[in-house]
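Okay, structure first, notes after.
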Amino acid sequence: MDTPEQLAQRPWIVPIPGTTKLHRLDENLGAADIELTKDDLGEIEAAASTITIQGARYPDHIERLSEH
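Right, here's the structure in full:
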């Protein structure tokens, strides 16, 4: 599921929660009520920008299938 920070950055992002437990669905739906300020987003971006991504998201043979 997308994070509140991701949803706040892109209005066209639509989360698709996957769960088999009703209480988890309630938690997921509650995320729609979270509002992040520009300061919140700035703090998150600043923290995330310090993280070094390591490795690929997918193995090479799978990644090639998704290239445009």
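Quick note: the sequence shown uses this note's numbering, first residue -4, plus one each step.
We treat Cβ as the ideally placed atom computed from N, Cα and C, and that holds for glycine.
Anticipated Cβ contact below 8 Å, residue i with residue j, distance rounded
| i | j | result |
| --- | --- | --- |
| T14 | N23 | 7 Å |
| Q1 | L36 | Contact doesn't hold; Cβ gap of about 10 Å is too wide. |
| P12 | L20 | 7 Å |
Bounding residues of the alpha helix (DSSP H) (the contiguous stretch that carries residue i)
| i | result |
| --- | --- |
| I57 | 55 to 61 |
| D28 | From DSSP, D28 is part of no alpha helix (DSSP H); its letter is neither H nor E. |
| K33 | 33 to 43 |
Span separating the alpha-carbon of residue i from that of residue j
| i | j | result |
| --- | --- | --- |
| A26 | S44 | 23 Å |
| A51 | S61 | 13 Å |
| K33 | W7 | 18 Å |
| E58 | L31 | 33 Å |
| A42 | L17 | 32 Å |
| I48 | P54 | 15 Å |
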